[in-house]
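Written out as C-alpha cells, the structure is:
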C-alpha cells in the first residue's frame with residue numbers, strides 16, 4: 121500500500137501546504153472533503169486562533185487532516201500540547217530540527233513528517249526517527265533554502281540514500297507534476313500555490329489573479345544572503361528588494377493587507393514557480409479530481425510504453 125495513505129488515511133496522496141493565515145479550516149476542510157489532506161497552519165503565531173481552527177475541522181469534515189508545526193517560529197509551547205491532546209493523527213514539522221518534537225508527538229500516537237530542502241537535512245531527520253519527509257524543491261513559494269535544489273534533483277538524491285516515504289513539494293500543480301514526482305520515488309505531492317488560488321482559499325481576488333497572471337518567471341528568490349530566504353511574486357516592491365539584495369525589517373508587516381486586503385504592494389505575496397502553470401480559479405474538488413485523472417492517464421501511457429518496450 122502507498123505508505124503516505126496508510127499513515128494519513130486520506131483518499132488521495134495530495135496535500136495542501138500549510139500557508140500562514142491561509143491554511144485554516146475553510147480551505148483545509150475543502151481539500152479533505154475532496155479526498156486530499158488539508159493541513160492547518162500554526163506559522164502565523166496566533167495560537168488561540170489556530171487551536172480554534174483545529175477544533176472547527178471536526179464540524180466541517182469527517183476526513184482526516186493534519187497540522188503543521190514550524191519549529192523556528194513556535195513561540196508558545198501550548199500549541200504542541202494542544203495538538204498532542206487534540207486527536208490529530210498527522211503532523212508536519214518544518215523550519216528547524218524536529219528532534220525534540222518527535223518524542224512527544226509520537227507518544228501521542230501522531231505520525232510525523234518533516235520538510236527538508238537538502239539531502240543532509242533529510243538524513244538527520246531519518247536518524248532522528250521521523251516517519252516521512254516533505255521534500256521541498258526550490259521551485260516552491262514561501263520560505264526557501266538559499267542554496268537552491270530543484271524538486272527533480274532532490275527527490276532522486278534523497279531516494280538514493282533512504283527508502284523513507286516522501287511527499288514531493290515545489291513546482292507541482294497538476295497530474296503531470298504528480299506523475300513525475302512518483303516516477304522519482306515520491307508517494308504523495310504537496311501543492312501550495314495551486315490551492316492558494318482555489319475557490320475556497322480565503323485570500324483576496326487580487327492575490328489569486330496575480331498568481332493566474334504570473335509566468336513561470338513571475339517570482340523572485342529574495343534575501344539569499346540573510347534569513348529568511350523566500351520566493352515571492354514579482355511586484356514593484358519585490359523588484360526593489362531583489363535589486364537591493366536584502367529584505368527590510370518591515371517586509372512582512374503588511375502581509376495581511378496582501379492576503380486579505382488585496383494590496384499587492386503592501387508586503388510580499390508568497391508563491392511558487394507553478395504560478396506559471398495556473399490560469400484559472402478552480403474549486404479544491406476540481407483541482408484534486410483533475411490531478412488524479414491526469415495522473416492515471418499519464419501512468420497508463422507509461423505502462424503501455426513499458427509493455428511495448430518502445431518509446
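In this note's numbering, the protein residues as written are 121 to 431. Every residue, glycine too, gets a C-beta built ideally from N, C-alpha and C.
Review point. In the DSSP assignment, what residue or residues form a beta bridge with residue 233?
Key: Under DSSP, the beta-bridge partners assigned to residue 233 are 212 and 252.
Check your understanding: Which runs of the beta strand (DSSP E) fall wholly inside the stretch 304 to 391 and span at least 3 residues, in chain order?
Key -> Secondary structure within the stretch 304 to 391: the beta strand (DSSP E) runs of 3 or more consecutive residues, fully enclosed, are 308 to 311, 339 to 342 and 349 to 353 (chain order).
Review point. If we count the other Cβ atoms within 10 Å of its Cβ and call it buried at 16 or more, is residue 368 buried or exposed?
Key: Under this definition residue 368 is an exposed residue.
Exercise for review: For the stretch 137 to 192, list the alpha helix (DSSP H) runs that are entirely contained and at least 4 residues long, ordered along the chain.
Suggested key: Runs found: 145 to 153 and 167 to 180.
Practice item. Would you give the residue range spanned by the beta strand (DSSP E) that residue 264 belongs to? Key: Annotation for residue 264: the continuous beta strand (DSSP E) segment containing it runs 262 to 264.
Point to revise | Through-space distance from residue 354 to residue 229, alpha-carbon basis | key: Distance from the CA atom of residue 229 to the CA atom of residue 354, rounded to whole angstroms, is 42 Å.
Practice item. For the stretch 279 to 291 and the stretch 361 to 377, state whether three or more C-beta atom pairs, one from each stretch, are separated by less than 8 Å. Key: Proximity of the stretch 279 to 291 to the stretch 361 to 377 falls short of the contact definition, fewer than three beta-carbon pairs being nearer than 8 Å.
Check your understanding: Under 8 Å between the Cβ atoms of residue 239 and residue 251?
Key -> The answer is no: Cβ separation not under 8 Å.
Review point. Should residue 351 and residue 385 be called a contact, given that it needs their Cβ atoms to be closer than 8 Å?
Key: Taking 8 Å as the Cβ cut-off, residue 351 and residue 385 do not qualify as a contacting pair.
Check your understanding: Count the other CB atoms within 10 Å of the CB of residue 143; is the residue buried (16 or more) or exposed (fewer)?
Key -> Under this definition residue 143 is a buried residue.
**Study point:** Euclidean distance between Cα positions of residue 160 and residue 172
**Key:** In a straight line, the C-alpha of residue 160 is about 11 Å away from that of residue 172.
Exercise for review: Would you check if the stretch 126 to 136 and the stretch 144 to 164 touch, i.e. whether three or more CB-CB distances between them fall below 8 Å?
Suggested key: Touching, yes, given that three or more Cβ pairs across the two stretches are closer than 8 Å.
Check your understanding: On the three-pair Cβ rule with 8 Å, is the stretch 321 to 332 touching the stretch 287 to 306?
Key -> No: the two stretches stay apart, fewer than three of their Cβ pairs being nearer than 8 Å.
**Study point:** Simplified DSSP assignment, three categories, for residue 203
**Key:** DSSP places residue 203 in the helix class (H, G or I) of the three-state scheme.
Review point. Should residue 183 go down as buried or exposed, given a rule of 16 or more other Cβ atoms within 10 Å for buried?
Key: A residue is called buried when at least 16 other Cβ atoms come within 10 angstroms of its Cβ; residue 183 meets this threshold and is buried.
Point to revise | Three-state secondary structure assigned by DSSP to residue 246 | key: In this structure, residue 246 counts as helix in the three-state DSSP scheme.
Practice item. Inspect the CB distances between the stretch 334 to 341 and the stretch 416 to 423 and report whether three or more fall short of 8 Å. Key: Not touching, per the Cβ criterion.
Check your understanding: Based on Cα-Cα distance, which residue from 330, 164, 122 and 297 lies nearest to residue 195?
Key -> For the residues 330, 164, 122 and 297, the minimum Cα distance to residue 195 belongs to 164.
**Study point:** residue 235 versus residue 299: straight-line alpha-carbon distance, rounded
**Key:** One alpha carbon belongs to residue 235, the other to residue 299, and they sit about 20 Å apart.
Check your understanding: Which partner residues does residue 135 have in the DSSP bridge list?
Key -> Beta-bridge pairing links residue 135 to 157 and 310.
Point to revise | Simplified DSSP assignment, three categories, for residue 269 | key: Collapsing the DSSP output to three states places residue 269 in coil.
Review point. Is residue 221 closer than 8 Å to residue 253 when the C-beta atoms are compared?
Key: No, these two residues do not count as a Cβ contact at 8 Å.
**Study point:** Inter-residue Cα distance where the pair is residue 378 and residue 388
**Key:** The straight-line gap separating the alpha-carbon atoms of residue 378 and residue 388 is approximately 7 Å.
Point to revise | Assigned exposure category for residue 428 - 16 Cβ within 10 Å defines buried | key: Looking at its Cβ environment, which holds fewer than 16 other Cβ atoms inside 10 Å, residue 428 is exposed.
Practice item. Please name the residue, chosen from 213, 168 and 175, that lies closest to residue 199 on a Cα-to-Cα basis. Key: Taking residue 199 as reference, the option from 213, 168 and 175 with the minimal CA-CA separation is 168.
Point to revise | Neighbour-count burial assignment, residue 359, 16 or more Cβ in a 10 Å radius | key: Exposed is the call here.
**Study point:** C-beta contact flag for residue 404 and residue 315 at 8 Å
**Key:** Note that the C-beta distance between residue 404 and residue 315 is below 8 Å.
Practice item. To the nearest angstrom, report how far apart residue 409 and residue 178 are at their CA atoms. Key: Computed Cα separation, rounded: 23 Å.
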